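Structure, as structure tokens:
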Ligand SMILES: Cc1cc2nc3c(=O)[nH]c(=O)nc-3n(C[C@H](O)[C@H](O)[C@H](O)COP(=O)(O)OP(=O)(O)OC[C@H]3O[C@@H](n4cnc5c(N)ncnc54)[C@H](O)[C@@H]3O)c2cc1C
């Protein structure tokens, strides 16, 4: 039986990002992925929101995605566009890029760190004891790990076998999404009617067509077929346009569910395994990748014995409320896309409301995930929020904040008197950087904030401690809470 520190079930975007984060921290990790390659059923996510691009930038890999994607200057909510180009970030846009490409690029990054990805194999069973988890595989072999993370999607076997409840709401709408060919020219574009939203669009290459159609009834229990698609098209358009040659047909609903707990002992959940919701607003992949970036460094520290196991509790405490907001926003978005006269009137009002600066900025900060605020207590507005990617001047020249995070190591950034801090007992874990920054401090949706004199930045780019005056109160506590007790002198 091969021993690993961490085994990840599922090599979708969440599992791959987590594998990269753990490998970066020097943890011995392996991924088990059911699919033999990157082919997906359906095209799924269509791009990256601003904060996801930022977290990739924090690891120095954003360019790989930017080279292949296309920049769009707006986010959206239930078809209402939300301008984000005035947000104070280098990535004040949405990047259009299909999920298969996102996964391929992430896989390339993970591959550079020599993480074993066992493809074409499923996790079929596991059993945990006080010291670790035995993970049974579909090829008859097994792995032993200190921790098992279920990144195995909405129908997660890991979640079910761990006995973690998945409460939420049942579907009220059902949609088919497919890539097909049509023999007849259809009416291209988006159509709304009493049933819901439908669209027909040409794919980038060849004669293939992407179809989105709302079905007449919910509650299907079998996998969708070409016949289901044909019938749904006829109900909406009066014709199926000679639909044929599907390369994919999948079904999604507006069901929302969230894991009651993100951890049971040595088993954790991340991504769709922990939360599912309709794709409105394009949030699922972002939430999964950011779950991984929140969990990765914490799990690494626990595995290495730098931090106590209780650090893992902060993963759920921080990420569960974020996903709950995603579920709420997606539910509201689905409600607003109904096509009856009353809902149309409500959507028009929302559009007017979101045309105003303050509401637009607030919702756009949520949809772009730039407004995420982990509750780390009272204090400076930066506390628990993302650290902006400032251009710093250091004794070694100019440097971006995100460059300091490439290796996923925490940073104490001293913007006051050089040499003003001594963190020797944490020097093996935390970088201490003296720097100057002359510009203004501005946060998305919040605006200008008082310039701090020092900030403690976690590997995921969130601020764990801020000081705006000469006192150093709480620094030792913050260092201990997040990065473990001081090393013995
Ligand atoms: C139509 C549609 C459109 C979407 N659009 C967007 C969008 O625009 N933006 C956005 O952010 N999100 C979007 N999403 C959501 C996004 O696709 C998911 O949130 C995202 O894929 C979640 O990633 P994940 O890695 O957590 O799970 P998954 O992508 O589901 O990956 C789970 C992986 O685990 C593997 N697996 C499952 N069981 C096992 C097992 N027992 N053993 C080993 N491997 C296993 C699977 O093969 C899979 O590769 C969309 C989804 C759909 C359906």
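In the working numbering, the protein residues as written are 2 to 490. Note that the Cβ used here is the ideal one computed from N, Cα and C, for glycine as well. In this text, all values refer to a predicted model and were calculated from it rather than measured experimentally.
{"Asked": "Supposed close pair residue 488, residue 426 - CB separation, criterion 8 Å", "Found": "5 Å"}
{"Asked": "Residue interval of the alpha helix (DSSP H) (run including residue 316)", "Found": "314-337"}
{"Asked": "Reference residue 388; option with closest CA among 456, 407, 204 and 128", "Found": "456"}
{"Asked": "Cβ pair count under 8 Å reaching 3, the stretch 44-53 against the stretch 354-372", "Found": "yes"}
{"Asked": "Per-residue burial, residue 134 [other beta carbons within 10 Å of its own, 16 or more giving buried]", "Found": "buried"}
{"Asked": "Contact test: residue 317 Cβ vs ligand 1 heavy atom, cutoff 7 Å", "Found": "no"}
{"Asked": "Status (buried if at least 16 other CB within 10 Å, exposed otherwise) for residue 204", "Found": "exposed"}
{"Asked": "Those residues which DSSP pairs with residue 398 across a bridge", "Found": "395"}
{"Asked": "Beta-carbon contacts of residue 82 that lie in its chain and below 8 Å, excluding the five residues immediately before and after", "Found": "75 and 76"}
{"Asked": "Proximity of residue 364 and residue 127 at Cβ, strictly below 8 Å", "Found": "no"}
{"Asked": "Host beta strand (DSSP E) of residue 408 (start-end)", "Found": "That residue, residue 408, is in no beta strand (DSSP E); it is neither H nor E in DSSP."}
{"Asked": "Heavy atom of ligand 1 within 7 Å of residue 458 beta-carbon", "Found": "no"}
{"Asked": "Pick from 63, 8 and 123 that is closest to residue 98, judged by C-alpha positions", "Found": "63"}
{"Asked": "Check: residue 121 C-beta below 7 Å from any heavy atom of ligand 1", "Found": "no"}
{"Asked": "8 Å Cβ cutoff met for residue 7 and residue 23", "Found": "yes"}
{"Asked": "Span of the alpha helix (DSSP H) around residue 360", "Found": "358-368"}
{"Asked": "DSSP three-state assignment for residue 257, whether helix, strand or coil", "Found": "strand"}
{"Asked": "Euclidean distance between Cα positions of residue 401 and residue 151", "Found": "34 Å"}
{"Asked": "For residue 252, the nearest candidate out of 308, 125 and 212 (CA to CA)", "Found": "212"}
{"Asked": "Backbone secondary structure at residue 483 - three-state DSSP", "Found": "helix"}
{"Asked": "For residue 263, the nearest candidate out of 238, 292, 282 and 242 (CA to CA)", "Found": "292"}
{"Asked": "Same chain, Cβ closer than 8 Å to residue 360, neighbours up to 5 away in sequence not counted", "Found": "354"}
{"Asked": "Beta-carbon contacts of residue 241 that lie in its chain and below 6 Å, excluding the five residues immediately before and after", "Found": "231, 234 and 235"}
{"Asked": "Best match in 173, 106, 423 and 153 for proximity to residue 67 [C-alpha to C-alpha]", "Found": "106"}
{"Asked": "heavy atom of ligand 1 below 7 Å from residue 12 C-beta", "Found": "yes"}
{"Asked": "Assigned secondary structure, residue 14 (DSSP; H/G/I helix, E/B strand, else coil)", "Found": "helix"}
{"Asked": "Distance cut-off 7 Å: residue 274 Cβ against heavy atoms of ligand 1", "Found": "yes"}
{"Asked": "Distance between beta carbons of residue 116 and residue 244, contact taken as under 8 Å", "Found": "Contact doesn't hold; Cβ gap of about 41 Å is too wide."}
{"Asked": "Heavy atom of ligand 1 within 7 Å of residue 69 beta-carbon", "Found": "no"}
{"Asked": "Contact between the stretch 10-22 and the stretch 282-297 (3+ Cβ pairs under 8 Å)", "Found": "yes"}
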